[in-house]
Structure formats: C-alpha cells, structure tokens
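Protein chains in written order, with the numbering used here: chain D, 109 to 493; chain S, 38 to 345.
Glycine included, C-beta positions come from ideal geometry on N, C-alpha and C.
The model shown is predicted, which means the values in this text are computed figures rather than measured ones.
Quick notes on the structure that follows.
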C-alpha cells in the first residue's frame, strides 16, 4: 500500500492532485462539455504527453529538447499510415489510376506502395512501431549526443535541427508522406467507424486513461532512485560522473522514455483528430510543447496538464476573437513565465495555494471529527471503568 | 547527376550556383557574425535574432519609401545610409532587449532561449500589425540592378557582388573591433573570466549590453543586405534562424574564423546541391551532414579552448 501511495502517487500532495485531475478529465469534462468541445479537450490532452515528457527531460534532467515534436510526429504518422492504408483499400480507391494505394501517392504518380509503408498494413506492427521507432530514434540521437557529452544549449539546437530536417523531408517528399497537407481522410479503425459519437467518447476516455497511466509511470520513475540521480545530474553532472555513474546512459534512458511518451500522445492525436500533418512536427509545435511544460511548471507532472489545457483554451478562445492579440499574449507569456514564474502554475500553487486550501479546511476538519469519535467512546468507557 | 551536361556547361553552372551561394553566404555570415558574438561571447541563445534582421530589412524599406516620396533626387545614395541606420535601429532594439530581458537571465542559458522566442513572437506580430502580412521590398537604386557577364554563359548579379563586398567590410570591421580594439579586449576578457574582468575594473554589465547591441546591429545590416536579394515579410527572420544557429555551432561557438568557414561551406553546399536536386532535399542533405559531423566533432570546426 505504501508503495502505491508513496512511489506511484507521490505522497499526499501528489495523490490529491492526481485524484483532482482524474475527476476533472474523466467526470467533469465529459459531463459539462458537448461532444465537439470534448473532442477539442481530447486533442489538447494529447499535447500533455510531450509536456509530461519534458518534465522528466527538462525539469528533472535539465536536458532541454526542442524536438519533442519529432517523436509526437513519428507516433502520429505511424498511426496515420495504418489508418490511411485501411482507408485506401482497392474498393475505396477504385477511381484512381492505381487502386489500393493512398490517394496522395496516386496524385504524385506513384504506382506501387513504397516498402516502408508495407508493414503498416498490420495493426499489431503499427502499435509496435509507434512504441519502438521513436524510442529507437531517440536512442540513436541520445547515444550519439550524450556519449560525446554534448548537452545543454547544443543539444537543444541539434534536436531543433533534426525537427527541421524531418519537417522538410515530410513536406518535400509529397508522394511518400502526403506533403504539407499531411495524411488526411482517416475514417475507420479495423473496419470500425472512428467518426461516430461513441468512438469519440471512447477515444477520449482511452486518451485520459493513458495520460493518467503515463503520469503514474513517470511519478514512479521520479520517486525512484533514478529520479534522484536525474536531479543530481541536472545540478552537478560532473560530481555524479565522478561518483562512478555513467551519466550518459541515464540521460539516454530518460530521452528514450520521453520520446515514447510523446509518441503515444501523437498516436492518440491522430486517432482523435483524424489526420496528421507536418505542422505538428516542426520547430513551432516543439517549442510550444516546451512552453506548455514551462507554464504548467517544469517540475510538476500534474501541473503541466493544466498548463497545456490553459494555453490551448486560451489559444482557441483568442484566435477565434482576437487573432492579432494572441501572438502578443503568447510572447508575453513566454517572457513572464521565464522571468517571473520559473516554476509555472505549479509553483504559483505552491506559493499561494494555501490561501485557497485554507478556505476549504472545514472539509478536512469534518473527516477528522468522524475519526475522533470512536476515540471519544473508548475514552468514555475508560472513564467509566 | 552529371548526365547531359558538358564540362563547359558544368563549369558555368558551378560558377553561377557558386555565386548564388555567395549571396546566401553573405546573409548567413552577417546573421551568424552577430549571433556568434552574442552566443559565443555571452552564451545567450537569441532566438529573436532573425527578427532583429527583419528590423533592419523593414528599416531599409521605410527609408526607401520615404526617400522615394520626399527626396527622389537622393534615391541613388539612400541605400548606404539605410545600411547605417538599419545597424543603429536594430542595435538600439537589441540594447533595449538586453536591458529589459536578457540581463536577468545570464545564469540560465536555456531560459534565454524561451524568453527570446517569446520576444520573437511579439516582434513578428508587431511587424504584421505595422507593415501588414504581405511581403515588402524597397525600391533598389539603379546601380544595384542588372548583372555582369564575364562570358556568355555566366551571369552574375550586381546586387550579389555588392552584398558580398558589404559582408567582407563588416567582417573586417568585426575582426578589428574584437581583436584589435580596447573594447574587443574587454569583451574577450569578460568571456574568458567574468569575475576576474570585474576585479580588474571592467564594467562587465556594460560590456554585455554593448556586445548584445552590436550583435543585433550586425543582424540589422544583414537585414539591409537581405532586402537586395529577397523580399521581407513578418516571418522572414524565422526562416534563417535555424540555419544561422547551425552556422555558429558548426563553426565553433567562440571562433569568428570558424563562423566564416562554416557559413561558406554550408551556403556553398546548399547552393550547389540545389541545382541538381530539389531545394528542399538540398537543405535536408546539408543539415543532415551537419548533424552527423557535429555528432563526431561536437565542439565544431574551430574550437576555441575557453575555460568555462
């Protein structure tokens, strides 16, 4: 029990935050929002996956990756390729000059399916690929960088360049990737209609369950010895190295794990939104993911989810009514978060949250009174004796 | 790849693409010089560098429009003044940014990246509100138009040569300033040992502020040069920022010579490849090669042994 309480939930504070978040996403949102808005929230929550990965990577590990969009994109494209292949069965694409291949390939005069698309016909392979390919890619990048002790600013710039390369490749190789429009028109999953209301609710709930699961898993990593080491590496890398730890392996592991989480988010994004495009891969989305983490609080697994939701709600609301103001606001947010609230929303809660919790003290007092009642009984019986 | 071209044609293609590469090289180098000073000497990642370049470009555009309307006789000469004013406008903006923002973040280099990204968003939106979303370009004086033809097949634009000369001038000026002047001595001393420099009486805060302003001012010159090659839009700066960072990192952060060499090789590789394969793939190959090289040589081409 104490393992679950201390290690998986992160003690009293973590457990309260976790339960409140679970209530919000699993009960409050589905009951209060119509399906369109709920789907939107589901989309925002997929961005929380890379944001959580950045808590591990950046908040605890001190490794700023400006390329979480790469892994988000790899996961999303993996899922999109599977769905697209299903959507372009020979019957559905009979009007094309080559039936049975995705429509954008046909438009680009491709006459057969490229080799790397072939295995994505299988659902099992796709799931495995979504989990393995981003992690393996992260391993290659991480091993090459961290073994040579490239870190800090250089790592950030290089991950950013890799994100740029991937975006240019996807946009440039239209015949293989769908180009700037991305992979669109995804309707069915194993013959099952993805656009029905039922499916949307189901995907939302699966997404929430995965998100909560990822939080628990990340909490476990952070409360373990590995988490302490990660913090130590962030603060005094050399000292950890001189203590006999192979710092690069720890960094590689956390980078791979972060890639894996981001990829799950990407795959869920494709399932809920119904398409995937390079605009979720490049520099801008990758930096936005960092700002989600920064606003939510780079040290808080729960806080970043709120940060992600808050920014995205703001973005939707503002870009609908004042598109010009939004960029000013976003820029101001970047600057003020970095300069005034480096610990984001979670930090604000820690500093000022007790003003609010004090107001609700009577709830905890109620529980305490009930607990003390039987004690009073025994006390009375003792007195009687 | 070589099929269908004779050696003579290939030579001309190489010469012309090579010269097109020189134009790219000039803009990249001017951008990178400013960034190398800021990043290499101060360790600040200035993601808004591209927007300072755009500030220079818009200044040039404004001056061109004003000259055209009120002093048409002055048209042939305005460009030289525009370059100087672009330098001071971008430099002043940089000075302000350092004062308001950067100086609070010197101890957190990764956070300067986020804060300057925020700054770049604000600057971009300001350009969009002031100048509109459409791309603009100044009316160039006549002497910058046209081209020079040494042989029948080779065709070299004059604006490219002008920009190249400008780049050479700025590069020498920066070299003189950094390595020969008293001010450069102070900057380099601050880079090598901030506390010691303070102890011997260098005002390191002032050095930081002027270094940042100088870097941004050079970006402004880059912007003025950029207007002769392409038109300027609110997002122009972002297109070049990643390439510029690659130039600086590849060249070795604190080495100006490395910056020149890497700007040259990156621009030439991209420009010559561009003729044979599509532009996007040329960029992919160039960037990919850079990442690969950096994996084996993380300190860049010319590493400067600075004790951190």
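- With its beta carbon at least 8 Å from every one in chain S, residue 217(D) lies outside the interface.
- Sequence-distant partners of residue 175(S) (beyond 5 residues in either direction) whose C-beta falls short of 6 Å from its own C-beta, in its chain, are 97, 98, 101, 264.
- Taken through DSSP and simplified to helix, strand or coil, residue 84(S) comes out as coil.
- Scanning its chain for C-beta atoms nearer than 7 Å, with the 5 sequence neighbours on each side dropped, one finds around residue 74(S) the residues 248, 251, 252, in chain order.
- Of the candidates 433(D), 192(D), 204(D), 255(D), 192(D) places its Cα closest to the Cα of residue 226(D).
- Classified as exposed, residue 143(D) has fewer than 16 neighbouring CB atoms from the shown chains inside 10 Å of its CB.
- Per DSSP, reduced to three states, the secondary structure at residue 384(D) is strand.
- Taking a Cβ-Cβ cut-off of 7 Å, the neighbours of residue 277(D) in chain S comprise 321, given in sequence order.
- For residue 258(S), the enclosing alpha helix (DSSP H) covers residues 241-266.
- From the beta-carbon of residue 75(S), no residue of chain D is found nearer than 7 Å; the closest lies around 12 Å away.
- Between residue 90(S) and residue 274(S), the C-beta spacing is below 8 Å.
- Assignment of residue 156(S) by DSSP, reduced to helix, strand and coil, places it in the helix class.
- Interface with chain S (8 Å Cβ-Cβ cutoff): residue 398(D) is included.
- A distance below 6 Å between beta-carbons, with the five flanking residues on each side excluded, links residue 157(S) to the following residues of its chain, in chain order: 84, 85, 88.
- By alpha-carbon distance to residue 159(D), the top candidate from 149(D), 147(D), 173(D), 146(D) is 173(D).
- Leaving aside the five residues that flank residue 72(S) on each side, the residues in its chain whose CB is nearer than 6 Å to its CB run, in chain order, 86, 281, 285.
- A Cβ-Cβ contact shorter than 8 Å links residue 170(D) with residue 342(D).
- If you look at residue 158(D), you'll find it in the alpha helix (DSSP H) that goes 143-162.
- When Cβ-Cβ separations below 8 Å define contact, residue 295(S) makes no contact with chain D.
- DSSP places residue 333(D) in the uninterrupted alpha helix (DSSP H) bounded by 333-343.
- The beta carbon of residue 58(S) sits closer than 6 Å to those of 304, 305, 308, all from its chain and outside the five residues before and after it, given in chain order.
- By the 16-neighbour rule on beta-carbons within 10 angstroms, residue 434(D) is buried.
- For residue 325(S), the neighbours in chain D by C-beta distance under 7 Å run, in chain order, 273.
- Excluding the 5 residues flanking it on each side, residue 65(S) has same chain C-beta neighbours closer than 8 Å at 277, 280, 281, 284, 300, 303, 304, in chain order.
- Under the DSSP assignment, residue 433(D) falls in the alpha helix (DSSP H) whose first and last residues are 431-447.
- No Cβ-Cβ contact shorter than 8 Å links residue 337(D) with residue 152(D).
- Taking 8 Å as the cut-off, the beta carbon of residue 325(S) is found no closer than this to the beta carbon of residue 127(D).
- The shortest C-alpha to C-alpha distance from residue 241(S) to any of 78(S), 259(S), 61(S), 68(S) is the one to 78(S).
- Following the DSSP letters along the chain, one finds residue 401(D) inside the alpha helix (DSSP H) bounded by residues 391-404.
- At a cut-off of 8 Å between C-beta atoms, residue 414(D) does not count as an interface residue with respect to chain S.
- For residue 301(S), the uninterrupted alpha helix (DSSP H) segment begins and ends at 293-313.
- When only Cα atoms are considered, residue 331(S) and residue 228(D) end up about 33 Å apart.
- Counting along the chain, the unbroken alpha helix (DSSP H) around residue 242(D) starts and ends at 231-254.
- Looking only at 410(D), 440(D), 314(D), the smallest Cα-Cα distance to residue 124(D) is reached by 410(D).
- Residue burial is scored here from C-beta neighbours: residue 168(D) has at least 16 other C-beta atoms within 10 angstroms and is therefore classed as buried.
- Straight-line measurement puts the Cα of residue 130(D) at about 31 Å from the Cα of residue 292(D).
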